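Student:
Numbering (mature numbering (1 follows the signal peptide of the UniProt record, and there is no 0)), first residue to last: -22 to -1, 1 to 145.
Right under this line is the structure:
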């Protein structure tokens, strides 16, 4: 019986410590790109695709923020890279809501575009901020339900604002 109590106590400690860890998600450092990306409050580090430098998920919703960096041979190809990315979204039936507005988020000047996609009665809003830094094309993508956009857009912007580059 004591062994069962000990086992239950250990399970509870493990569960509580993982919850505590998730609440204080630490910044993601990426040596290859020389960048540190900090999650907003109440967001946790999540598994992303293999090209993502960082991927965050909001605990209370299915909203996600993904940061992708792509090293370019020369900055001259950045325009082609960004256009290809957007073309792929449109070919996947994402509807453009707002076309590439020039914006500055934090110290980063770039272009912000929004798309929407409806599936099973739920409309997903996809906000994209793209910018070029040295020879790297950066795309920050926020995925959220359209009814939650006003709630999570400031968190999306904080990820961009708080990106710290070495050198």
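Just so it is clear, CB atoms sit at the ideal spot from N, CA and C, and this is done for glycine as well. Remember, it's a predicted structure, so these values are computed and weren't measured experimentally.
Confirm, please, whether the CB-CB distance from residue 114 to residue 47 is below 7 angstroms.
Tutor: yes
Student: Is the distance from the Cβ of residue 56 to the Cβ of residue 44 below 7 angstroms?
Tutor: no
Student: With distances taken Cα to Cα, identify the nearest neighbour of residue 121 among 110, 40, 80, 109.
Tutor: The option with the nearest alpha carbon to residue 121 is 40.
Student: According to the Cβ coordinates, are residue 98 and residue 75 closer than 7 angstroms?
Tutor: no
Student: Quick check: the Cα distance between residue 142 and residue 14, rounded to an integer number of angstroms?
Tutor: 5 angstroms
Student: Excluding sequence positions up to five away, which residues of its chain have a Cβ less than 6 angstroms from the Cβ of residue 140?
Tutor: 16
Student: With DSSP as the reference, label residue 135 as helix, strand or coil.
Tutor: helix
Student: Between which residues of its own chain and residue 72 is the CB-CB distance below 6 angstroms, once the five residues before and five after are set aside?
Tutor: 93, 95
Student: Span of the alpha helix (DSSP H) holding residue 58?
Tutor: Here the alpha helix (DSSP H) through residue 58 covers 56 to 69.
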